[in-house]
Amino acid sequence: MSFLMRPLAVAAFLLLGAGPAAAQTQQVYWCAGRDGPTYTHAPCSGGKALGHKRPVAKERAAPPPQDRARRMNRAQLPPETRAQCSALEKEIRQAEARLKARKGPPPAGAEGDLAIQRVRYREMRC
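For the sequence shown, the residue numbers in mature numbering (1 follows the signal peptide of the UniProt record, and there is no 0) are -23 to -1, 1 to 103.
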């Protein structure tokens, strides 16, 4: 009996998992009614198809998780080291921007200086 039940259980599981995926792909329509706007899954006359939900500004502007981890690690450092880390991070970003904006090959030693700054940043445990 269990030999027959296993394929049925797998099939039921797959069907249940396919339901939410199909629901997520449905188109939503905005329709103007006499009581105000309504939203429906069926097209209506004069209705407008809505696209996917746009991310909220807070979601787009939220710092990535590694930035939060970096802030927490930096908070444990002494104040003078924190200031040095901030200054060094600013220098690294400026040097990277200069190298990226430069047309042609970078000047001799520019990439080496940037590598030295990155090593110092890591050694300070910023």
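Even for Gly, the Cβ is constructed at its ideal location relative to N, Cα and C.
Give the C-beta separation of residue i and residue j to the nearest angstrom, bearing in mind that I take them to be a contact with Cβ-Cβ under 8 Å.
{"i": "arginine 97", "j": "leucine 65", "result": "6 Å"}
{"i": "leucine 27", "j": "tryptophan 7", "result": "6 Å"}
{"i": "leucine 76", "j": "alanine 60", "result": "That pair is no contact at about 25 Å."}
{"i": "proline 51", "j": "cysteine 103", "result": "Inspection of the sequence shows that residue 51 is occupied by arginine rather than by proline. Their Cβ separation, rounded to whole angstroms, is 6 Å, which keeps arginine 51 and cysteine 103 in contact under 8 Å."}
In chain order, what residues of the same chain lie with their CB nearer than 6 Å to the CB of residue i, ignoring the 5 residues before and after it?
{"i": "alanine 72", "result": "Leu91"}
{"i": "proline 20", "result": "Tyr6"}
Which class does residue i belong to by DSSP, given the choice of helix, strand or coil?
{"i": "alanine 19", "result": "coil"}
{"i": "leucine 54", "result": "coil"}
{"i": "glycine 85", "result": "The identity of residue 85 in the sequence shown is alanine, whereas the question assumes glycine. Looking at alanine 85 - three-state DSSP - the assignment turns out to be coil, as it is neither helix nor strand."}
{"i": "lysine 77", "result": "helix"}
{"i": "methionine 101", "result": "coil"}
{"i": "proline 41", "result": "coil"}
Can you list, in chain order, the residues of its chain whose CB lies under 7 Å from that of residue i, leaving out five sequence neighbours each side?
{"i": "glycine 81", "result": "none"}
{"i": "alanine 9", "result": "Gly23"}
{"i": "glutamine 3", "result": "His18"}
{"i": "glutamate 57", "result": "none"}
In this structure, what does DSSP give as the bridge partners for residue i?
{"i": "proline 14", "result": "Ala9"}
{"i": "alanine 72", "result": "For alanine 72, which the question treats as bridged, DSSP gives no partner whatsoever."}
{"i": "lysine 25", "result": "Trp7"}
Please return the same chain residues whose Cβ sits closer than 8 Å to the Cβ of residue i, not counting the five positions on each side in sequence.
{"i": "arginine 95", "result": "Ile69"}
{"i": "proline 14", "result": "Trp7, Cys8"}
{"i": "tyrosine 16", "result": "Val5, Tyr6, Trp7, Cys8, Leu27"}
{"i": "proline 42", "result": "none"}
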